[in-house]
Amino acid sequence: MRRSFGKIGIICSALLLVGLVIGVWAQSQNLNLAAKEIVIKRGFTKEALSCIECHGKKMPGTMESWRTSRMAHAGISCIDCHKVEKSSPMASQCEGVKGTDTYISPMVSSKTCSRCHPQEVEQFLRSGHGKLASSAVCDPKRAGLIKLMYHYEGAAFMNKGKLDLSTGLTPEGQPAYVRASRAAGCQMCHGTQVELGPDNKPINETWPGGIGTRYPDGSIGTCTVCHTRHKFSIADARKPEACGACHLGPDHPDIEIYYESKHGQIFHAQSDEWKWDSPPDAWEPGDYTAPTCATCHMSGIGELATTHSVNDRLKWDLMHKKSVIRSGERGDGEKGDKLMRKVCANCHGKTHTDVQRKSLDNIVELYNKQWAGAVKMKKELADKGLLKKDPWKDGFQEMMYYLWHHTGRRARQGAAMNAPDYAHWHGTFQMFQVYKDIEDIYNYRMKNNKIEELSTVMSSAPY
Ligand code: HEC
Ligand code: HEC
Ligand code: HEC
Ligand code: HEC
Ligand code: HEC
Ligand code: HEC
Ligand code: HEC
Ligand code: HEC
């Protein structure tokens with residue numbers, strides 16, 4: 027959606043009111059951007075300048091990125107994002123501000139950004155990228171997941187399986203080992219609850235984290251997963267690589283799916299010539315010749331406005347065990363379907379889009395049927411006491427996991443985003459193979475009334 031610079035004007039006037047002398051882009055000559063050495067003439071308070079000057083020497087890398095950012099040009103500097111009230115649970119002092127009344131924090135949540143970008147933050151927080159993202163990692167109500175990462179992937183090896191699942195601590199109060207898989211894995215994509223030490227600095231490797239990071243002041247969300255610090259670029263966020271850092275791999279290969287699709291083919295062949303830095307909400311076909319992740323899920327296009335809620339344009343829930351039309355905290359699927367079709371309508375006719383949407387519905391139906399079959403078998407086995415207590419030593423339950431979490435997701439997401447190899451060879455083809463194996467194990471157990479000795483799953487590699 028093309029739009030004037032009205033909102034930016036409002037932001038700038040508000041800032042002028044609080045005494046920061048910032049001009050609009052063209053007038054802002056505070057920085058000599060061509061020179062390697064930053065020349066600052068006016069526009070920053072004395073205190074703001076002190077951070078910039080010292081950090082320019084101590085952290086030249088950070089400075090270089092910030093210097094070229096749009097926000098630097100608009101007069102937003104270190105102090106605007108890193109200064110906190112003395113009373114903040116995150117307040118600390120770097121060596122440059124020790125002994126002064128200024129408190130800072132290395133942690134910066136979406137709450138800081140919301141002072142100037144309230145709408146983006148509101149949309150982001152109601153999407154799956156907000157609270158829902160970290161709930162998968164740190165919500166005690168989801169003990170199954172916490173058990174997976176603390177017990178099976180950690181404690182069972184490092185601490186002989188003994189730990190308190192609610193705290194993640196061993197009886198000896200030794201958490202480090204069992205945190206290994208969370209801190210290096212889940213947390214870097216999903217985010218977790220940041221824990222603080224006595225100096226108000228993060229402890230237990232709970233920071234930095236991914237998209238839904240929960241900060242000690244109760245705020246949620248790390249905006250810089252897409253607008254990487256300290257450039258905070260919208261051009262970068264429009265590129266598929268902004269999403270591919272998390273949306274990849276055997277269980278949600280969205281970047282691979284994209285590269286394989288016709289859209290990805292055009293991206294690889296032509297995107298050197300695309301215009302990436304059109305103003306917010308004014309990035310339209312013509313600037314590009316095929317959509318990226320952002321185009322379909324976030325950017326303004328045609329009559330649609332930009333949204334920071336990636337749930338808004340979705341119909342199905344394609345990640346959980348049974349695919350249903352989205353509702354409640356996961357969005358509004360009926361509405362999402364209509365909005366997504368509006369994206370396609372910018373470049374495709376109705377006939378074309380109807381086919382794509384229908385083939386997604388068909389794959390969802392096929393997957394759901396297989397899943398329902400597996401659920402039925404599992405119930406019968408459970409009734410007869412033919413399931414092992416440890417699901418990861420039980421071939422039936424392991425296979426069922428792969429049916430849903432790997433092969434089934436690939437089929438569904440491959441079909442949704444037009445990648446035939448993922449929809450078929452990594453998707454429906456492997457789905458039926460897994461299903462056949464599940465059936466064999468089920469039949470064996472029912473016939474012999476016993477569980478086979480070893481897990482029948484020797485390697486998860488094919489799935
Ligand atoms: C527009 C807001 C913004 C501005 C301006 C800004 N930062 Fe940051 N900074 C962030 C965010 C967001 C993070 C990531 C925090 C998180 O993950 O909790 C961050 C992280 C950091 C970190 C900690 C991470 C690390 O790599 O050690 C340092 C240090 C830092 N910034 C220094 C600076 C300096 C120096 C400046 C000025 C040149 C600056 N920042 C300007 C928002 C900002
Ligand atoms: C005289 C130099 C100097 C000044 C002035 C200064 N800093 Fe620092 N700051 C440092 C140094 C050096 C570090 C790195 C210390 C370390 O982590 O090794 C640092 C660290 C930081 C960090 C990261 C803290 C952490 O725990 O990782 C932030 C954020 C930060 N400074 C922000 C600011 C802000 C905002 C200002 C202005 C209000 C400022 N600094 C002023 C020298 C300075
Ligand atoms: C004190 C106000 C203020 C704060 C705090 C602030 N911003 Fe900004 N932001 C601005 C202004 C002003 C602009 C410039 C608008 C322009 O010139 O186009 C801007 C522009 C942006 C842009 C567009 C950049 C581009 O390439 O066009 C992004 C993205 C952005 N901010 C992200 C953030 C994030 C993320 C945070 C929090 C970590 C944040 N902002 C915090 C005021 C702020
Ligand atoms: C730092 C990691 C990270 C990045 C970067 C990221 N995502 Fe996500 N995304 C996630 C996680 C984690 C979830 C799952 C959230 C949950 O648990 O419900 C998710 C969920 C989603 C969903 C489903 C929404 C739902 O119901 O949860 C969509 C659509 C999505 N992301 C699109 C994108 C797009 C488009 C981009 C790039 C512009 C992107 N993501 C960048 C981590 C990321
Ligand atoms: C490489 C980044 C990455 C890592 C590492 C990762 N996830 Fe995810 N996770 C995602 C993305 C992206 C999605 C969204 C998937 C989709 O749409 O299909 C997701 C979805 C989920 C979901 C379904 C959404 C929900 O909230 O119900 C759960 C649960 C989940 N992840 C838990 C975990 C746990 C627990 C770990 C560590 C043991 C982990 N993830 C590791 C990126 C990651
Ligand atoms: C999943 C990736 C992603 C995350 C996370 C994200 N953004 Fe963005 N952001 C984008 C994209 C893509 C655009 C460009 C939209 C377009 O094409 O107009 C954008 C644009 C913006 C703009 C320019 C004005 C606008 O609304 O178009 C601002 C300001 C901004 N983001 C701030 C934020 C803030 C604040 C957060 C944290 C709450 C955040 N972003 C988190 C992807 C992201
Ligand atoms: C041509 C438009 C288009 C492009 C490009 C695109 N997507 Fe999608 N995406 C869709 C559609 C359509 C769906 C299924 C929507 C529905 O439920 O009806 C979808 C579904 C998803 C989901 C599944 C959410 C769930 O329910 O689990 C995620 C995650 C996702 N996309 C992320 C991405 C990422 C990351 C990229 C880029 C690497 C990308 N998409 C590129 C259109 C697109
Ligand atoms: C910015 C324009 C643009 C948007 C938006 C867009 N597409 Fe495309 N799409 C293209 C182009 C260009 C091709 C390549 C046509 C060719 O094969 O030469 C293409 C190809 C395809 C193909 C491959 C089959 C074919 O016709 O070659 C499918 C499937 C597809 N798009 C589906 C969608 C769906 C579904 C949406 C909306 C969710 C969508 N597209 C949105 C431009 C777009």
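With the working numbering applied, the sequence shown covers 27 to 489.
Positions of the beta carbon are idealized from the N, C-alpha and C atoms, including for glycine.
Since the model is a prediction, treat every value here as computed from it, not as a measurement.
{"query": "Beta-bridge pairing of lysine 109 - partner residues as DSSP gives them", "result": "Ile130"}
{"query": "Counted within 10 angstroms of its Cβ, other Cβ atoms place asparagine 337 as buried (16 or more) or exposed", "result": "buried"}
{"query": "Identified DSSP bridge partners for tyrosine 176", "result": "According to DSSP, tyrosine 176 bridges with nothing at all."}
{"query": "Residues near aspartate 106 in its chain [Cβ-Cβ closer than 7 angstroms; skip 5 each side]", "result": "none"}
{"query": "Cβ neighbours of asparagine 444 in the same chain (closer than 6 angstroms, five flanking residues each side left out)", "result": "Ser287"}
{"query": "Integer-rounded CB distance, given that leucine 407 should sit under 8 angstroms from tyrosine 461", "result": "Going by Cβ atoms, the distance from tyrosine 461 to leucine 407 rounds to 15 angstroms, so no, they are not a contact pair."}
{"query": "Any non-hydrogen atom of ligand 4 closer than 8 angstroms to asparagine 337 Cβ", "result": "yes"}
{"query": "Beta-carbon proximity check, lysine 265 vs threonine 318, cutoff 9 angstroms", "result": "yes"}
{"query": "Proximity test, glycine 500 beta-carbon vs ligand 6 heavy atom, cut-off 8 angstroms", "result": "Because the chain is modelled from 27 through 489, residue 500 falls outside the range shown and cannot be assessed."}
{"query": "Secondary structure of proline 311, DSSP reduced to three states", "result": "strand"}
{"query": "Range of the contiguous alpha helix (DSSP H) that encloses leucine 340", "result": "Taken as a continuous stretch (DSSP letters only), leucine 340 belongs to no alpha helix (DSSP H), as it is neither H nor E."}
{"query": "Enclosing alpha helix (DSSP H) for isoleucine 78 [first to last residue]", "result": "72-84"}
{"query": "From Lys415, Lys414, Arg208, Arg435, residue whose alpha carbon lies closest to that of isoleucine 389", "result": "Arg435"}
{"query": "Expected contact under 8 angstroms - CB spacing of valine 163 and glycine 217 to nearest Å", "result": "7 angstroms"}
{"query": "DSSP-derived helix/strand/coil call for proline 144", "result": "helix"}
{"query": "Beta-carbon proximity list for serine 349, same chain, < 8 angstroms, skipping 5 on both sides", "result": "Trp342, Asp343, Val390, Tyr393, Asn394, Arg438"}
{"query": "Three CB pairs or more closer than 8 angstroms across the stretch 235-254 and the stretch 156-174", "result": "yes"}
{"query": "Per-residue DSSP class, three states only, for arginine 208", "result": "helix"}
{"query": "Cβ distance (whole Å) where arginine 471 is taken to contact leucine 412 below 8 angstroms", "result": "4 angstroms"}
{"query": "CA-to-CA distance, proline 417 to glutamine 423, given in whole angstroms", "result": "6 angstroms"}
{"query": "Reference serine 304; option with closest CA among Gln296, Asp313, Ser297", "result": "Asp313"}
{"query": "Cβ distance (whole Å) where glutamate 329 is taken to contact lysine 368 below 8 angstroms", "result": "7 angstroms"}
{"query": "Terminal residues of the alpha helix (DSSP H) in which glutamate 406 lies", "result": "376-409"}
{"query": "Rounded C-alpha distance that separates lysine 333 from arginine 356", "result": "The amino acid occupying residue 333 in the given sequence is threonine; lysine does not appear at that position. Taking the straight line from one Cα to the other gives about 15 angstroms."}
{"query": "Isoleucine 281 - containing alpha helix (DSSP H), residue span", "result": "280-286"}
{"query": "Neighbour-count burial assignment, lysine 62, 16 or more Cβ in a 10 Å radius", "result": "Confidence at lysine 62 is low in this model, with a pLDDT of 40, below 50, so the placement of that residue is unreliable and no value is reported for it."}
{"query": "Coarse secondary structure for glutamate 221, derived from DSSP in three states", "result": "strand"}
{"query": "Any non-hydrogen atom of ligand 7 closer than 8 angstroms to isoleucine 281 Cβ", "result": "yes"}
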